[in-house]
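> Here the protein sequences line up with chains A and B, keeping their order. Once you know that position 234 of the first sequence is 253 in the working numbering, the rest is easy, because the numbers rise by one and skip nothing. Once you know that position 190 of the second sequence is 181 in the working numbering, the rest is easy, because the numbers rise by one and skip nothing. The beta carbon of each residue, even a glycine, is placed where N, CA and C say it ideally should be.
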Amino acid sequence: MTRLKLAVIIVAFVALALVPPVAHLIDEPYYLSLFARIMVFAIAAVSLDLILGYGGMISFGHAAYLGTGAYAVAVFSFYGIDNGWLQLPMAIIASALVALVIGAICLRTSGIYFIMITLAFTQMLYFLGISLEVYGGDDGMDANRSEFVSWFDLTEDINLYYLILAFLILSVYIGYRLINSRFGMVIRGSKSNDLRMQAIGFPTFRYKLMGFVIAGAMCGVAGFLLANLTEFLTPEYMHWFRSGEIMIMTLMGGMGTLFGPMFGAAAFILLEEWIPELLELIHQGWGEHWWVAFGPVLVILVLFAKRGLWGLIPDRSRNDG
Amino acid sequence: MTWLLFVEQTLNGIQFGVFLFLVSAGLTLVLGIMNVVNLAHGSLFMLGAYLGATFLAWTDNFVLAIILMVPAILIIGILVELIVLRNMYDRDHMDQVLATFGLILFFNQAVILVWGPESQGMNIPAFLDGSIEILPDAPYPIFRVAIIAAGIATAIFLFWLITRTKMGMLIRAGASNGQMARALGVNIRLLFTVVFGLGAILAGFAGLMSGPISSVESGMGEDMLILAFVVIVIGGIGSVRGAVVASILIGIVETVGRSILPFLMGKYISEDAAQTAGPALASMLMYILMVLVLFFKPQGLFPARTG
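Written out as structure tokens, the structure reads:
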């Protein structure tokens, strides 16, 4: 990694750490929740990139784990159990299990089949969420914030913010360790030539499945944080549009890079916030139609800017993390 | 639950299945022959319904609306192919997914810009209104029968096209080995455009037929798209025969499962539990079916890449 990139990352994390005091100073708590949301989706995008960018597994169902993590919070909360020490492990275990089942079935296939089946499974969970009237059906339901008794108080927005930041740093660290480990090398090798990896003796299916589960569990944590942030649960978290959005974030930031997806998530959510306001300034009523503009922008991004935002930063060595 | 209700539900299932076939036939051709993931197929379905509703309002004639809709959706389909998809054939699937996802975002909002946010009404034409008695004392809406007839006609047309015509021969050649077909002098680019246009017409026609029985609104194509994916995965990519079998299968499983499962489960577990678990399980039924098929036949029921 070049010095410039290292500097960008350090600046980014310092800036994220400084958001709460600055937001407090200028009395705009809105920025606190905005950047908290960015970081939650950054975790989701980083986890997706582990299998998508590094593993070549085009999972169109990453929102499933986001939803599973969120359900872990809200369902416990529904039964009056707000203990975060219980909810967080449950979010991780549940989303890992969902990823294990989905992965075990989907990884038997490849190519277009893989995309369509991951998509179909996520949609199945979405419809399952809608049909569960007990847990609010498609209206969703409120959820209390998790309680980490005698450690920290998540009802304070600032504490939640720093918890999310800590998890983001942890996710990036885990990602860094993974992709540079032997395990990660096998997955990356299988992306470029699966048959060859098998021929030299690696049971790639097991490696890929493990990677799939790790990414799912990581995204489950993002779901756990999302439910805490919004204090609300809705099956919409699992809608396939959410999967698409996480994919777009990864692409915008730069697929197959460790830090790119983080910036992609920030760019996507900030655009989502600001473009409508900008359009509204130009002409009243344009704001709600921003997708008309964003759709073609996405097509153009795919066609011409494959390396993403992270790839825009000048770089001498091309094989960085 | 009476037998009459069961028969009616089965008929509904077949109707839904035929309907799914109309949606997935075009998509399976595009996927199988062009090897392109086209999420925008659902958007073409939606545009077919919107255009149909508009032409119906203009002409007040259902048949005329269909006749006008076909060239309109064909032009849109060809434009989509020329402007976006043509640049995607050599790219990996990820790019195709994202680019066509962008198209969905565009079209969903574009119809709101053009037609407004409220859903469009479409009346059942007078000559298809009313119901007939297929079995004694079991009236069934004529329009649903018309959908079944349209689906069967489409299936016959596609079989004829693919197995009996020169174009069908080219389509099969392109599906089994595009490179070789190209080397032998087939204009694959043109063939792709034609196939995509055909897929667009099928999607648009399905959308139009769905207009009178569901609401014409932005985003109506997406649920259909995912159902079509399930159909294609079960039937085997590129196989029209597979699409026929899988759509009918899914249609019946989905419709009959939804009405019978809560009732059946009520016999074995408490009524309350069945009312909760029944719909939940029914909503998962066709995905479970997909998993079962994939477990035994990872390439789908009819893995042949030709018609």
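If you reduce the DSSP assignment to three classes, tell me which class Asn247 (chain A) lands in.
Three-state result, Asn247 (chain A): helix.
> From this set, B:Gln111, B:Pro253, B:Leu20, B:Thr91, which residue's C-alpha is nearest Gly202 (chain B)'s C-alpha?
Checking every option, the nearest Cα to that of Gly202 (chain B) belongs to B:Gln111.
> Select from the stretch 71 to 89 of chain B all residues with a C-beta closer than 7 Å to any C-beta belonging to chain A, and list them in chain order.
Within the stretch 71 to 89 of chain B, the qualifying residues are Val75, Asn78, His84, Met85, Asp86, Val88, Leu89.
> So is the beta-carbon of Tyr41 (chain B) under 7 Å away from any non-hydrogen atom of the ligand HEM?
Questions concerning the ligand HEM fall outside what the structure shown contains, since it holds no ligand whatsoever.
> Are Leu51 (chain A) and Tyr181 (chain A) close, meaning C-beta to C-beta below 8 Å?
No, Cβ-Cβ distance for Leu51 (chain A) and Tyr181 (chain A) is not below 8 Å.
> Just how far apart, CA to CA, sit Glu250 (chain A) and Trp106 (chain B)?
C-alpha separation (whole angstroms): 36 Å.
> Can you tell me which of A:Phe79, A:Gln142, A:Gln106 puts its alpha carbon nearest to the alpha carbon of Val92 (chain A)?
Per the Cα distances, A:Gln106.
> Alpha carbon to alpha carbon, how far is Ile267 (chain A) from Leu317 (chain A)?
So the two alpha carbons sit approximately 8 Å from each other.
> With 16 other CB atoms within 10 Å as the buried threshold, where does Pro40 (chain A) fall?
Result: exposed.
> Helix, strand or coil for Leu252 (chain A), going by three-state DSSP, please let me know.
Strand, per DSSP.
> Output needed for Met109 (chain A): all residues of its chain with C-beta closer than 6 Å, excluding positions within five of it in sequence on either side, in chain order.
Answer for Met109 (chain A): Ala91, listed in chain order.
> Closer than 8 Å by beta-carbon distance: list the chain A residues that pair up with Ser274 (chain B), in chain order.
Going along chain A in sequence order, the residues near Ser274 (chain B) (Cβ under 8 Å) are Met143, Phe146, Leu147, Ile149, Ser150.
> What is the DSSP secondary structure of Pro203 (chain B), reduced to helix, strand or coil?
DSSP places Pro203 (chain B) in coil when its eight states are reduced to three.
> With 16 other CB atoms within 10 Å as the buried threshold, where does Pro130 (chain B) fall?
So Pro130 (chain B) counts as exposed.
> Let me make sure I understand the geometry here. Which of B:Ala219, B:Gly269, B:Ile58 has the alpha-carbon closest to that of Phe12 (chain B)?
Nearest C-alpha to Phe12 (chain B): B:Ala219.
> Consult DSSP for Asp68 (chain A) and reduce its assignment to one of helix, strand or coil.
Correct three-state label for Asp68 (chain A): helix.
> Tell me which same chain residues have a C-beta within less than 7 Å of the C-beta of Met60 (chain B), skipping the five on either side of it?
Excluding residues within five positions, the ones whose Cβ falls inside 7 Å are Gly39, Leu42, Gly43, Phe46, Gly195, Leu199.
> I'd like the list of long-range same chain contacts for Phe231 (chain A), defined as Cβ closer than 6 Å, with 5 residues on each side in sequence excluded.
So the qualifying residues of the chain are Ile70, Ala118, Gly122.
> Just mark Leu214 (chain A) as buried or exposed, buried being the case when its beta carbon has 16 or more other beta carbons within 10 Å.
Under this definition Leu214 (chain A) is an exposed residue.
> So, with DSSP's three-state summary, where would you put Ile219 (chain A)?
It is coil, neither helix nor strand.
> Kindly list, in the order they appear in chain E, the residues whose Cβ is closer than 8 Å to that of Thr223 (chain A).
Here chain E cannot be found, since the structure's protein chains are A and B.
> Residues in its own chain within less than 7 Å of Ile183 (chain A) by CB, not counting five upstream and five downstream?
Cβ neighbours of Ile183 (chain A) beyond the five flanking positions: Ala55, Met58, Val59, Leu244.
> Which chain B residues sit within Cβ distance under 7 Å of Trp293 (chain A)?
Correct list: empty, because the minimum Cβ distance to chain B is about 17 Å.
> So, with DSSP's three-state summary, where would you put Tyr181 (chain A)?
In the structure shown, Tyr181 (chain A) sits in a helix (DSSP, three-state: H, G or I).
> Under the assumption that Ser34 (chain B) contacts Leu94 (chain B) (Cβ atoms under 8 Å), give the Cβ distance between them as a whole number of angstroms.
Indeed, because the Cβ distance is near 6 Å, the residues count as touching under 8 Å.
> Which residue spans inside the stretch 119 to 172 of chain B form an unbroken alpha helix (DSSP H) run of at least 4?
If we require 4 residues or more, the alpha helix (DSSP H) runs fully inside the stretch 119 to 172 of chain B come out as 133 to 155, 157 to 167.
> With 16 as the cutoff for other CB atoms within 10 Å, does Trp151 (chain B) come out buried or exposed?
By the 10 Å Cβ count, Trp151 (chain B) comes out exposed.
> Is the number of C-beta pairs between the stretch 247 to 254 of chain B and the stretch -5 to 3 of chain B that are closer than 8 Å three or more?
Yes, they touch.
> Identify, in the order they occur along the chain, each residue of the same chain with its Cβ nearer than 6 Å to the Cβ of Tyr278 (chain B), setting aside the five sequence neighbours on each side.
Around Tyr278 (chain B): no qualifying Cβ.
> Is the CB-CB distance between Gln142 (chain A) and Ile133 (chain B) below 8 Å?
Not in contact: Gln142 (chain A) and Ile133 (chain B) (Cβ atoms no closer than 8 Å).
> At 7 Å on the CB atoms, spell out the chain A contacts of Ala271 (chain B), in chain order.
Leu147, Ser150, Leu151, listed in chain order.
> Alpha carbon to alpha carbon, how far is Ile225 (chain B) from Ala237 (chain B)?
The alpha-carbon atoms of Ile225 (chain B) and Ala237 (chain B) are separated by roughly 6 Å.
> If you draw a straight line from the alpha carbon of Lys157 (chain B) to that of Leu65 (chain B), how long is it in whole angstroms?
Each residue's alpha carbon lies about 21 Å from the other.
> Can you confirm whether Leu322 (chain A), when its beta carbon is compared against all beta carbons of chain B, has any partner nearer than 8 Å?
Closer than 8 Å to some Cβ of chain B, the Cβ of Leu322 (chain A) qualifies, so yes.
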